[in-house]
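Number of protein chains: 2
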Amino acid sequence: MAINIKNFLNVKNKLSKMRDFQDLGHIEGISISAITADLYGDGRDDITLFYFSEGAKYASVYTKSKIVSENIKFNLQLKNKLVKALFINTKNANTFTGKQGFESIRELSKYLSKELTLRASRAEVGTNDVVKPNQILFASTGVIGETYPVEKIKNKIPDLVASLKTVQNKYVWVKAASAIKTTDTIPKLAFEECKIGEKNVKIYGIAKGSGMIAPNMATMLAFIFTDADLSANILKSLLKRNIDSTFNAITVDGDTSTNDMLTFFSTGKVNNSNIENILDPRLINFEKKLHNVMLNLSLQIIKDGEGAKKLLKINISKAQNYQSARKIAFSIANSPLIKTAIAGEDPNWGRVIMAIGKSGENVNVKKLNIKFGELSIIKNGELNSEYDEKIVQEYMEWDSIEINVEMNIGEGNYIAYTCDFTKDYIDINTDYRT
Amino acid sequence: MAINIKNFLNVKNKLSKMRDFQDLGHIEGISISAITADLYGDGRDDITLFYFSEGAKYASVYTKSKIVSENIKFNLQLKNKLVKALFINTKNANTFTGKQGFESIRELSKYLSKELTLRASRAEVGTNDVVKPNQILFASTGVIGETYPVEKIKNKIPDLVASLKTVQNKYVWVKAASAIKTTDTIPKLAFEECKIGEKNVKIYGIAKGSGMIAPNMATMLAFIFTDADLSANILKSLLKRNIDSTFNAITVDGDTSTNDMLTFFSTGKVNNSNIENILDPRLINFEKKLHNVMLNLSLQIIKDGEGAKKLLKINISKAQNYQSARKIAFSIANSPLIKTAIAGEDPNWGRVIMAIGKSGENVNVKKLNIKFGELSIIKNGELNSEYDEKIVQEYMEWDSIEINVEMNIGEGNYIAYTCDFTKDYIDINTDYRT
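If you read the protein sequences in the order shown, they are chains W and U. Taking my numbering, the leading residue of the first sequence gets 363, the next gets one more, and so forth. Taking my numbering, the leading residue of the second sequence gets 363, the next gets one more, and so forth.
1. Where U:ASN595 and U:GLU390 are concerned, what is the direct C-alpha to C-alpha distance, given to the nearest angstrom?
2. Here's a check: name, in chain order, each residue in its chain whose Cβ is nearer than 8 Å to the Cβ of U:LEU745, leaving out the five neighbours to either side.
3. Taking only the alpha-carbon atoms, compute the straight-line gap between W:LYS543 and W:LYS570 and give it to the nearest angstrom.
4. Could you round the C-beta distance between W:TYR776 and W:ILE678 to whole angstroms and report it? I think they count as a contact, below 8 Å.
5. Starting from the Cα of U:PHE412, find the closest Cα among U:ILE429, U:ILE498, U:GLY460 and give me that residue.
6. So, does the CB of W:ALA576 fall closer than 8 Å to a CB anywhere in chain U?
7. For W:ASN724, go through chain U and note every residue whose CB falls closer than 9 Å to its CB, in chain order.
8. Round the Cβ separation of W:GLU432 and W:THR457 to the nearest angstrom and send it over; I've been treating them as touching at under 8 Å.
9. Answer yes or no: do U:LYS358 and U:ASP782 have a C-beta to C-beta separation smaller than 8 Å?
10. Measuring alpha carbon to alpha carbon, tell me which residue in W:ASP750, W:VAL523, W:VAL512 is nearest W:LYS461.
11. Using a 10 Å radius around the Cβ and a threshold of 16 neighbouring Cβ atoms, would you call U:ARG713 buried or exposed?
12. Pull up the distance between the alpha-carbon of U:ILE429 and that of W:LYS720, whole angstroms please.
13. List the residues of chain U whose Cβ lies closer than 7 Å to the Cβ of W:THR784, in chain order.
14. Out of U:ILE690, U:ALA717, U:SER393, which has the shortest C-alpha to C-alpha gap to U:VAL534?
15. Under 8 Å, with one C-beta from each stretch per pair, do the region 672 to 691 of chain W and the region 714 to 734 of chain W reach the 3-pair mark?
16. Leaving out five residues before and five after U:PHE516 in sequence, what residues of the same chain have Cβ atoms less than 8 Å from its Cβ?
17. Hey, is U:PRO698's beta-carbon within less than 8 Å of any beta-carbon in chain W?
18. Distance check for U:LEU601 and U:ASP589, CA to CA, integer angstroms please.
19. Kindly list, in the order they appear in chain U, the residues whose Cβ is closer than 9 Å to that of W:THR629.
20. According to DSSP, is W:SER393 helix, strand or coil?
21. Going by CA-CA distance only, name the one from W:MET582, W:GLY743, W:ILE700, W:PHE648 that's closest to W:MET769.
22. Taking a contact to mean a Cβ-Cβ separation below 8 Å, would you say W:THR459 touches W:TYR510 in this structure?
23. By how many angstroms is the C-alpha of U:LEU661 removed from the C-alpha of W:ASP789?
24. Expressed to the nearest angstrom, what Euclidean distance is found between the alpha-carbon atoms of U:LYS631 and U:ASP521?
25. Give me the Cα-Cα distance between U:GLY463 and U:MET758, rounded to the nearest whole angstrom.
26. So what does DSSP say about W:LEU526, is it helix, strand or coil?
27. So W:LEU745 contacts chain U; which residues on that side make the cut at Cβ distance below 8 Å?
28. Does the beta carbon of U:LYS611 sit closer than 8 Å to a beta carbon anywhere in chain W?
29. Note the first and the last residue of the continuous alpha helix (DSSP H) segment covering U:GLU751.
30. Under 8 Å between C-beta atoms, does W:LYS316 make it to chain U?
31. In the DSSP assignment, the beta strand (DSSP E) including W:THR625 goes from what residue to what residue?
32. Is the region 442 to 450 of chain U in contact with the region 481 to 501 of chain U, if contact means three or more CB pairs nearer than 8 Å?
33. Taking C-alpha atoms, which residue in U:ASP591, U:TYR566, U:ALA611 lies nearest to U:ILE637?
34. Quick one: is W:ILE409 near chain U, going by C-beta distance under 8 Å?
35. Strictly under 8 Å for the Cβ-Cβ distance: is U:ILE715 near chain W by that measure?
36. Can you tell me whether U:ALA539 is buried or exposed, with buried defined as 16 or more other CB within 10 angstroms of its CB?
Take a look at the structure:
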């Protein structure tokens, strides 16, 4: 039994590529600014502004938690199909802040609208764009239950608006992606380019995550921007069709934040012909590229999971149905025992069996196949007679591990991604606040 | 705001009491033996036998995992209402061992029946009891997927049977409770005595757990014995009525074993008058005492959770309904972020909010109260103005922490128990096999 080295290298290469500095450039219709309001007390950038001078169509997906942050409540009551700006702050989640939190966002929306409108009226800009308070989206991430620092932020709004860069380069994007971080160790960026019809369009994305989801500190935020001209409905459909296999397929510790937010913006600056239907064949390639951006950002979040040393891909195939495959995948992905075994580079397939069993989903043991990478361990429900723990042991030393489970009882497939569970996770999460 | 020290001391005392050496004595109708078959290679006791000379009525509850061990499959096909023996081995789970595993149990059951019958026929015993192979229950705990060591065990069966102690004292019980351990650091025993009608009866229990449930090593096994005369149906009902608030209320890491087994035996040696109905008032006190034994064993398992330093009691009251309360309790109890915060002695109530939110259960934030012990933190959905983090911080240093959540939207109550999540858990589970 030979190891398929090529497969491993592919996985490794994919990861290395992800960690590369991403060469994002300019997207027409967006201005960006990121500065410090000194919320952390150490001068790091912590407030970020995206300004869409001619507006952007958009679609959002928010956390499924029954308790949501005040900024999300604010966003949910906006009725405009076009937004002019997105404001993001870190350090404070604006959750469990009640009236103070909600009113703070109202106040910031008014102040931002005033400052942005003022800027547009100045001679050197001269667009005379008018920004209304209900054309601004808000994202927050940080500690739950602390008074929202509205004054500190407000004092910096003029500087933030004054710092808007109309022409971006990779440094502007990295500055923004860095300013939205909390416990993240690296900024997360991804981009793709493709054609819609004859026109070149861009898809850029930034995200933050890390302790997926350390609710007193981290949250999953992701913002994707395109210069293609797509309606809010098309944007929404595209998110819905691709989120389950990307941002919803990842888990670091099974916890969910009160602040999770994913928004997809279309500046419409590229005049692709009107696309009215999600099934329009001109969207096929665009959707593929969008999926790449979403998966790329998702995997960057996992790779940067608190204390994570290894990426773990859990591939369930031929389960009874899609939901069953998904449940088995997450039963494995959320098991502390599997995640600690991966950290210990232990090919502990017994724990995989345990996690399949505890999922409660139908299993026909006699049909079950389990592989670590390409290495067959369980074949038709029995330990593969050619199983050589030493070879599998070697595989476990790679920085990206695949667990492949073939249920062979149906048509349901699902891939989940997670990271290993190391002592550093415990360190980060026991020592954070104190 | 003063700390209610008495409450804390109560919790502390309860724990200390639990850790005391339990003074179990003799139960009529049971003989016990525990010796080594050297399955670990270090000579520790690893096989245990309970023999009921005149049989025992019994009821069992097994793991809900879709993949179960071969010994459980064997037990499930027994049709007898009376068993004569219970055999337990540690080190090998007899799971994913297929035919070899199942046939091994068949072989052991025959051999045990022969040896036990032979013993009963000897002059010094002279009961002439006949034990049939289908009158023996089997429990296993240990590594999944390794060939079941049937020969090693079989060779020791004569010694095991020869070592049966007909009169027990606490040392016999502790020896048995120690022999069923895997990664447990202490043997787990509990007992109660009470009356049924005019007759004194005893309820004795032993258990093992630890890495609740580290499937390659640990499993929850619990065996409860009474000399009261109760039918299998009554025993079953008593287990069903009490398991949800005891063994099913505890979690160390949310994982579930393929081998979990709880069996309740009645030797019937005390001639209490016939009890035919679970609602018989003579059972009220007995059921309370049984609940104590089950809860006591459950909490000992939690306190001995892998790497655990603190016991965590999560008390959800007035949720929409019972199921909702249970789901919220486990959402908190299984959150790695909460368990690491407890390890760090961090009164991180934001993570409690997160876990309530992610449970998906109905919440009316404005009615929500959260207390750590008696210390009010959230009152009617807002941070209690008298909240003093320093005092709560002191509370977090205790070895037993209560998180009290009042939902105030219904009648559903549930209490779950767990332990903190320390670096030692990661150590134990990354280093175990390698």
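Note that CB positions come from ideal geometry on N, CA and C, so glycine has one too.
Reading it off the structure:
1. Here the question's residue 595 of chain U lines up with position 233 in the second sequence. Here the question's residue 390 of chain U lines up with position 28 in the second sequence. Each residue's Cα considered, the two are about 21 Å apart.
2. The count along the second sequence starts at 1 and reaches residue 745 of chain U at position 383. ILE739.
3. Indexing the first sequence from 1 puts residue 543 of chain W at position 181. Indexing the first sequence from 1 puts residue 570 of chain W at position 208. Going by the C-alpha atoms only, they are around 6 Å apart.
4. Reading the first sequence from its first residue, position 414 is the one you call residue 776 of chain W. Reading the first sequence from its first residue, position 316 is the one you call residue 678 of chain W. At roughly 5 Å, the Cβ-Cβ gap stays under 8 Å, so W:TYR776 and W:ILE678 are in contact.
5. As a position in the second sequence, residue 412 of chain U is number 50, starting the count at 1. The residue with the shortest Cα to Cα distance from U:PHE412 is U:ILE498.
6. Taking the first sequence and counting its residues from 1, one reaches residue 576 of chain W at position 214. In this predicted model, W:ALA576 has a pLDDT of only 37, less than 50, meaning its place in the structure is not dependable enough to derive any value.
7. What you label residue 724 of chain W is simply residue 362 of the first sequence in a count that begins at 1. Simply LYS428.
8. Here residue 432 of chain W is taken as the residue at index 70 of the first sequence, counted from 1. Here residue 457 of chain W is taken as the residue at index 95 of the first sequence, counted from 1. That pair is a contact at about 7 Å.
9. Any property of residue 358 of chain U remains undetermined from this structure, which presents chain U solely from 363 to 796.
10. Within the first sequence, the letter at position 99 stands for residue 461 of chain W. When each option's Cα is compared against that of W:LYS461, the closest is W:VAL512.
11. On the second sequence, position 351 is the one that residue 713 of chain U refers to. When all chains shown are included, U:ARG713 counts as buried.
12. By one-based count along the second sequence, residue 429 of chain U stands at place 67. By one-based count along the first sequence, residue 720 of chain W stands at place 358. Taking the straight line joining both Cα atoms gives about 8 Å.
13. Indexing the first sequence from 1 puts residue 784 of chain W at position 422. Within chain U, the residues near W:THR784 are ILE788.
14. The sequence position of residue 534 of chain U within the second sequence is 172, counting from 1. Among U:ILE690, U:ALA717, U:SER393, the Cα nearest to that of U:VAL534 is on U:SER393.
15. yes
16. The residue you call residue 516 of chain U lines up with position 154 of the second sequence. Checking the sequence shown, residue 516 of chain U turns out to be Lys, not Phe. So the list reads GLU469, LEU470, TYR473, once near-sequence residues are dropped.
17. Taking the second sequence and counting its residues from 1, one reaches residue 698 of chain U at position 336. It does; some Cβ of chain W falls within 8 Å.
18. The residue you call residue 589 of chain U lines up with position 227 of the second sequence. The residue you call residue 601 of chain U lines up with position 239 of the second sequence. Their Cα atoms are separated by approximately 16 Å.
19. Mapped onto the first sequence, residue 629 of chain W falls at position 267. What W:THR629 touches in chain U: nothing, since even the nearest Cβ is about 33 Å away.
20. Taking the first sequence and counting its residues from 1, the one referred to as residue 393 of chain W is at position 31. Three-state result, W:SER393: strand.
21. The sequence position of residue 769 of chain W within the first sequence is 407, counting from 1. If we check each option's Cα against that of W:MET769, W:GLY743 comes out closest.
22. Counting from one through the first sequence, the residue named residue 459 of chain W turns up at place 97. Counting from one through the first sequence, the residue named residue 510 of chain W turns up at place 148. Closer than 8 Å, so yes.
23. Residue mapping note: residue 789 of chain W aligns to position 427 of the first sequence, counting from 1. Residue mapping note: residue 661 of chain U aligns to position 299 of the second sequence, counting from 1. Distance between the alpha carbons of W:ASP789 and U:LEU661: 26 Å.
24. Within the second sequence, the letter at position 269 stands for residue 631 of chain U. Within the second sequence, the letter at position 159 stands for residue 521 of chain U. Cα to Cα, the separation comes out at about 27 Å.
25. The count along the second sequence starts at 1 and reaches residue 463 of chain U at position 101. The count along the second sequence starts at 1 and reaches residue 758 of chain U at position 396. Looking at the two C-alpha atoms, the distance is approximately 47 Å.
26. Start at 1 with the first residue of the first sequence, and residue 526 of chain W comes out as number 164. Looking at W:LEU526 - three-state DSSP - the assignment turns out to be coil, as it is neither helix nor strand.
27. On the first sequence, position 383 is the one that residue 745 of chain W refers to. In chain order: PHE458, GLY507.
28. Against the second sequence, residue 611 of chain U aligns to sequence position 249. The sequence shown places Ala at residue 611 of chain U, not Lys. For U:ALA611, the answer is no, since every Cβ of chain W falls outside 8 Å of its Cβ.
29. Looking up residue 751 of chain U in the second sequence gives position 389. Run containing U:GLU751: 751 to 758, per the alpha helix (DSSP H) assignment.
30. This structure does not reach residue 316 of chain W, given that chain W is present from 363 up to 796, and the question cannot be answered.
31. Numbered from its first residue, the first sequence carries residue 625 of chain W at position 263. That run of the beta strand (DSSP E) goes 623 to 628.
32. yes
33. Position 275 of the second sequence, counted from the first residue, corresponds to residue 637 of chain U. Taking only the C-alpha atoms, the option nearest U:ILE637 is U:ASP591.
34. As a working mapping, residue 409 of chain W is identified with position 47 in the first sequence. W:ILE409 does not count as touching chain U.
35. Residue numbering aside, residue 715 of chain U sits at position 353 when the second sequence is read from its first letter. At least one chain W Cβ lies under 8 Å of U:ILE715.
36. Along the second sequence, one-based indexing puts residue 539 of chain U at 177. Buried, by the Cβ-count rule.
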